[in-house]
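K.L.:
Protein chains in written order, with the numbering used here: chain B, 48 to 160; chain S, 2 to 112.
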């Protein structure tokens, strides 16, 4: 069964550094998402992406965050200058239609020190 | 603003027992509701999706029901097994907007 893959599985970075989290969504899916989950808290929406542009973003997704689909298969989340509070599990997800089930990757655990 | 609540936060049952996990949401104007399973340190596995026009969905030992007017959904697990131990998340889609998640119910099935 096709799946969403994310790399790396764990990333440790120092405060102020830039990180890029990578995702390969399911190949025929059209909608792409990033969510995050701070330890012990709810899964929170960050951003959705459709037709090569951001379709919606949350308050969390400020100017420090950006997303890109550089080559038609990868979908990346960049955090420009990481803060301690960015430490979380970041999940990529994709769906075929807007109302189709979301399929999630296994996540990247980001630790900012 | 849509809020999703899951009760109980944690549940421990002996193997073989049937159980019900509850999810409630504050705004009944939803497009669909999705149940996920999350194993420790892992991603979310989609279990069932119920569209707003549906009352229930079944997959194997799992049955999810939806009562949109009262803002409730239940996930019924029949004949629980130790392999069912995980956190179960409920998420609603309020129209054409992203999923809103509950905090989950952590289930332990004891052999």
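For glycine and all other residues, C-beta sits at the position ideal for the given N, C-alpha and C. None of the values given here were measured: they were computed from a predicted structure.
Would residue 101 of chain B pass as a contact of residue 112 of chain B if the rule is Cβ separation under 7 angstroms?
P.N.:
No; because the gap between Cβ atoms is not below 7 angstroms, this pair is not in contact.
K.L.:
Where residue 31 of chain S and residue 65 of chain S are concerned, what is the direct C-alpha to C-alpha distance, given to the nearest angstrom?
P.N.:
Answer to the nearest angstrom: the Cα atoms are 16 angstroms apart.
K.L.:
Quick one: which chain B residues come within Cβ less than 8 angstroms of residue 94 of chain S?
P.N.:
Under the 8 angstroms cutoff, chain B gives 146.
K.L.:
For the pair the segment 88-106 of chain B and the segment 48-63 of chain B, tell me if three or more CB-CB distances fall below 8 angstroms.
P.N.:
At 8 angstroms Cβ cutoff, the stretches do not touch.
K.L.:
Counting only the same chain and skipping the five closest in sequence on each side, list residues whose C-beta sits under 7 angstroms from that of residue 133 of chain B.
P.N.:
Once the five neighbours on either side are set aside, the close Cβ partners of residue 133 of chain B are 126, 157 and 159.
K.L.:
Could you name the residues of chain S that residue 143 of chain B contacts, counting a contact when the two beta carbons are closer than 8 angstroms?
P.N.:
Ordered by position in chain S, no residue passes the 8 angstroms Cβ test against residue 143 of chain B, which lies about 12 angstroms from the chain.
K.L.:
Can you tell which of B:71, B:48, B:152 and B:79 has the C-alpha that lies nearest to the C-alpha of residue 93 of chain B?
P.N.:
Closest option to residue 93 of chain B, Cα to Cα, is B:79.
K.L.:
Give me the subset of the segment 63-81 of chain S whose CB atoms are less than 8 angstroms from a CB atom of chain B, sorted by chain position.
P.N.:
Hits within the stretch: zero.
K.L.:
Look at residue 20 of chain S and residue 81 of chain S and say whether their C-beta atoms are less than 7 angstroms apart.
P.N.:
The answer is yes: Cβ separation under 7 angstroms.
K.L.:
Counting pairs of Cβ atoms below 8 angstroms between the segment 4-22 of chain S and the segment 71-86 of chain S, do you hit three or more?
P.N.:
Taking 8 angstroms as the limit for Cβ pairs, the verdict is that the segment 71-86 of chain S does touch the segment 4-22 of chain S.
K.L.:
Of all the options B:146, B:118, B:75 and B:95, which has the alpha carbon lying nearest to the alpha carbon of residue 83 of chain B?
P.N.:
Considering only alpha carbons, the answer is B:95.
K.L.:
Quick test of your reading: residue 93 of chain S and residue 34 of chain S, contact by CB under 8 angstroms. State the CB separation rounded to the nearest angstrom.
P.N.:
At roughly 5 angstroms, the Cβ-Cβ gap stays under 8 angstroms, so residue 93 of chain S and residue 34 of chain S are in contact.
K.L.:
Buried or exposed: residue 74 of chain S, going by 16 or more other Cβ atoms within 10 Å of its Cβ?
P.N.:
By the 10 Å Cβ count, residue 74 of chain S comes out buried.
K.L.:
Checking contacts by CB at 7 angstroms: is residue 104 of chain B closer than that to chain S?
P.N.:
By this cut-off, residue 104 of chain B is not an interface position.
K.L.:
Just mark residue 53 of chain B as buried or exposed, buried being the case when its beta carbon has 16 or more other beta carbons within 10 Å.
P.N.:
Counting Cβ neighbours within 10 Å, residue 53 of chain B comes out buried, since at least 16 surround it.
K.L.:
Beta strand (DSSP E) containing residue 2 of chain S: first to last residue?
P.N.:
Counting along the chain, residue 2 of chain S falls outside any beta strand (DSSP E), and DSSP gives it neither H nor E.
K.L.:
Does any C-beta atom of chain B lie closer than 7 angstroms to the C-beta of residue 32 of chain S?
P.N.:
True, the Cβ-Cβ gap to chain B drops below 7 angstroms.
K.L.:
What beta strand (DSSP E) runs, 3 residues minimum, are completely inside the segment 106-137 of chain B?
P.N.:
Entirely contained in the segment 106-137 of chain B, the beta strand (DSSP E) runs reaching 3 residues are, in chain order, 112-115 and 122-126.
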